Amino acid sequence: MDSSRISLRPFKLSDVDDFLKWASDERVTRYLRWNTITSKEEALTYIEKVAIPHPWRRTICLDGCSIGYVSIKPESGDNKCRAHVSYAVGVEYWGQGIVTMALRMAINLVFKEFEEVVRLEALVEVENKSSQRVLEKVGFFKEGLLRKYGFCKGEIRDMLIYSFLSSDKILGF
């Protein structure tokens, strides 16, 4: 995939149709904390009430069309040195390196925008091998297994925790 075709930008309400294409697919939302979006109205509400006001949620665009997202959410108070990372992309774009490219771009930007953040964290379900590969290709360090740690889709699941420090080198960038 030509990296010049990939961009990150804030969500807009006009992304609703593109957003609905991938956010309505249970294969995409399987490991996400939010449920599959089932209607255009629900998609508009999500974009307006969740995606747009989020501190750093960007749509991954391919040739200007929304095909996924990267989210980096800084903590507050005594934990403002940390931020949580999540991402997803439409099924038809899996395995093309798009999320890896987008995550590299996001990391490069977010450490500049949030100077107090020195650590990014990603929690990944043990079964989600593809997401683990994305993080490792970017340069995230697998710190360990958190047993029965995350609640997702009605189950308490084992999670792997990955980290990336502001002093780490983004691999392949």
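Under my numbering, the first residue of the sequence shown carries the number 597, and numbering increases by one thereafter.
Note that CB positions come from ideal geometry on N, CA and C, so glycine has one too.
Just so it is clear, the structure is predicted and the values come from calculations on it, not from any experiment.
| Check | Outcome |
| --- | --- |
| To the nearest angstrom, report how far apart tryptophan 630 and valine 734 are at their CA atoms. | 25 Å |
| Look at the alpha carbon of isoleucine 656 and the alpha carbon of arginine 623, and state the distance between them as a whole number of angstroms. | 18 Å |
| I want to know whether the stretch 712-719 touches the stretch 605-619 - three or more CB-CB distances under 8 Å. | no |
| Taking 8 Å as the limit between beta carbons, can you name the residues of its chain near glutamate 694, skipping five residues before and five after? | With the sequence shown as reference, residue 694 is identified as isoleucine, and glutamate is not the correct amino acid for it. Around isoleucine 694: Met597, Ile602, Ile656, Leu658, Ile663, Gly664 and Val685. |
| Could you tell me the distance, in whole angstroms, from the CA atom of histidine 650 to the CA atom of histidine 680? | 12 Å |
| Closest to aspartate 614 by CA distance: which of Ser635, Glu644 and Cys661 is it? | Cys661 |
| Which partner residues does alanine 679 have in the DSSP bridge list? | Pro670 and Leu716 |
| What's the C-alpha gap between threonine 634 and threonine 625? | 12 Å |
| Does DSSP put tyrosine 665 in a helix, in a strand, or in coil? | strand |
| From the DSSP output, in three-state form, read off serine 603 for me. | strand |
| Please tell me whether valine 646 and arginine 654 are closer than 8 Å, where the distance is taken between their beta carbons. | no |
| Count the other CB atoms within 10 Å of the CB of valine 730; is the residue buried (16 or more) or exposed (fewer)? | buried |
| Between which two residues does the beta strand (DSSP E) holding lysine 744 run? | 737-748 |
| Please classify tyrosine 689: does DSSP put it in a helix, a strand, or coil? | helix |
| Strictly under 8 Å for the Cβ-Cβ distance: is glycine 660 near chain D by that measure? | Protein chain content of the structure displayed is limited to a single chain, and chain D is not contained in it. |
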